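Undergrad: First residue of the sequence shown? That's 1 in UniProt numbering, and the numbers climb one at a time after it.
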Amino acid sequence: MNNNMFIGTDSLKDTANRLIVYNAEATIDHEPTKIDESSPTVLKYRTPNFRASATVQMAPSMRSESWKIGWIQACTKMIFRNTYSNEGFTSWEFQELTSNKQPMISDCDGCYYPWYGARDETVVFHCPSLKTQETTLVMNDNFHPHVTWRNPANENQIEPNLTNIIRNQSFYVWLLAWNMTTGKSYILMNIYWTMNLEIVVDPHKKLGERAKLVSPQFPEQPIILKEKIPIPRCALSPPNANSAQRLVWNPKRGRPVVIIPPVWNSKKSAESQIQKHDSKL
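Below, the structure is given as structure tokens:
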């Protein structure tokens, strides 16, 4: 296995007769992004939901072991730019990606690394058991940010001057089975999905008539991959996307300036910044 890869695509021969995945689905709601101009300070938008589900069944087993099965998601690309007339643009960035330090970043909930969530997104099967164990695991994701009408880097900006919003993101999703007794992990399935949108804004129009979605109304649908993708260590470890993102002002003239730094502090220990971590995974 490549040293940069933490969980590979090894054969499932030793689990094939015990773990079965069926009714696997991945969709994005067939509806356009909703734009909300009700606020005089920010433009709000909400993208349609990405949804994934799969039923996992474990056959009866007399082995003394426990399995944790769940969804893991990582962001592989993020372009999120808000343009303010001819002054420049703000961009939400992951320095880990823009610097090419790593190929993706964990998109877990920030509490239970590396899992996307800790409710309907994961399950633990305990053995020995004389009965078949079964559950349906689900996850969903969407974006609903607030974008200021005025350039946040210019304290003297009085009139709205937001003119354009571009967002282009891509993700890998894994359904993973982790044998908590042996420490071995197995990739059960893979999903790839993207969200691309563009909104143009006329800041001179009155509130409620400024913004228009110009990208395709209906999103591209996710793909359940035939070939499994290995999981790199960075997709399993902190920082996660929410804590690593920073807002940068990119002026038309001059050097970029960080407006909002990342919550994650690389100088502090990971243990002091997260609540739960399946460190053996």
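The beta carbon of each residue, even a glycine, is placed where N, CA and C say it ideally should be. Bear in mind the structure is a predicted one, so any value in this text is a computation, not a measurement.
Can you tell me whether DSSP reads residue 19 as helix, strand or coil?
TA: Here residue 19 sits in strand by DSSP.
Undergrad: Between residue 28 and residue 74, is the Cβ-Cβ spacing less than 8 angstroms?
TA: No, they are not a contact pair.
Undergrad: Tell me which residue opens and which closes the beta strand (DSSP E) that residue 64 is part of.
TA: First-last of the beta strand (DSSP E) with residue 64: 61-84.
Undergrad: Using the beta-carbon count (16 or more within 10 Å), is residue 112 buried or exposed?
TA: Looking at its Cβ environment, which holds 16 or more other Cβ atoms inside 10 Å, residue 112 is buried.
Undergrad: Under a three-way DSSP split, which group does residue 130 fall into?
TA: Here residue 130 sits in coil by DSSP.
Undergrad: My understanding is that residue 77 touches residue 169, with C-beta atoms under 8 angstroms, so please give their C-beta distance in whole angstroms.
TA: That belief holds up - the Cβ atoms of residue 77 and residue 169 are roughly 6 angstroms apart, short of 8 angstroms.
Undergrad: Applying the 10 Å Cβ sphere with the 16-neighbour rule, what's the burial state of residue 167?
TA: Answer is buried; the Cβ neighbour count reaches 16.
Undergrad: Contact defined as beta carbons within less than 8 angstroms: I believe residue 139 pairs with residue 121. What is the distance between those atoms, to the nearest angstrom?
TA: Right, the Cβ-Cβ distance comes to about 5 angstroms (below 8 angstroms), so this counts as a contact.
Undergrad: Any heavy atom of the ligand MN inside 7 angstroms of the beta-carbon of residue 258?
TA: Absence of the ligand MN is noted for the structure shown, with no ligands found whatsoever.
Undergrad: Measure how close the beta-carbons of residue 82 and residue 147 come, nearest whole angstrom, since I'm counting them as under 8 angstroms.
TA: Confirmed, Cβ separation roughly 5 angstroms.
Undergrad: With DSSP as the reference, please indicate the residues paired to residue 195 in a beta bridge.
TA: According to DSSP, which records beta bridges pairwise, residue 195 is partnered with 169.
Undergrad: Looking at the structure shown, is residue 98 part of a helix, part of a strand, or coil, going by DSSP?
TA: Reduced to three states, the DSSP call for residue 98 is helix.
Undergrad: Would you list the one or two residues that DSSP bridges to residue 251?
TA: Partner(s): 88.
Undergrad: Grouping DSSP H, G and I as helix and E and B as strand, with all else coil, what is residue 242?
TA: Helix, per DSSP.
Undergrad: For residue 116 versus residue 72, is the C-beta distance shorter than 8 angstroms?
TA: Yes; because the gap between Cβ atoms is below 8 angstroms, this pair is in contact.
Undergrad: Cα separation between residue 180 and residue 172?
TA: Their Cα atoms are separated by approximately 23 angstroms.
Undergrad: From which residue to which residue does the beta strand (DSSP E) around residue 44 run?
TA: Element bounds for residue 44: 42-46.
Undergrad: So, helix, strand or coil for residue 150, using DSSP?
TA: Three-state result, residue 150: coil.
Undergrad: Quick one: grab the DSSP three-state call for residue 51.
TA: Three-state DSSP puts residue 51 in a strand.
Undergrad: Grab the span of the beta strand (DSSP E) containing residue 36 for me, first residue to last.
TA: Per DSSP, residue 36 belongs to the beta strand (DSSP E) from 34-36.
Undergrad: Terminal residues of the continuous beta strand (DSSP E) containing residue 236?
TA: No beta strand (DSSP E) contains residue 236, which DSSP labels as neither H nor E.
Undergrad: How would you call residue 118, buried or exposed, if buried means at least 16 neighbouring beta carbons within 10 angstroms?
TA: So residue 118 counts as exposed.
Undergrad: Secondary structure at residue 116, three-state DSSP: helix, strand or coil?
TA: Reduced to three states, the DSSP call for residue 116 is coil.
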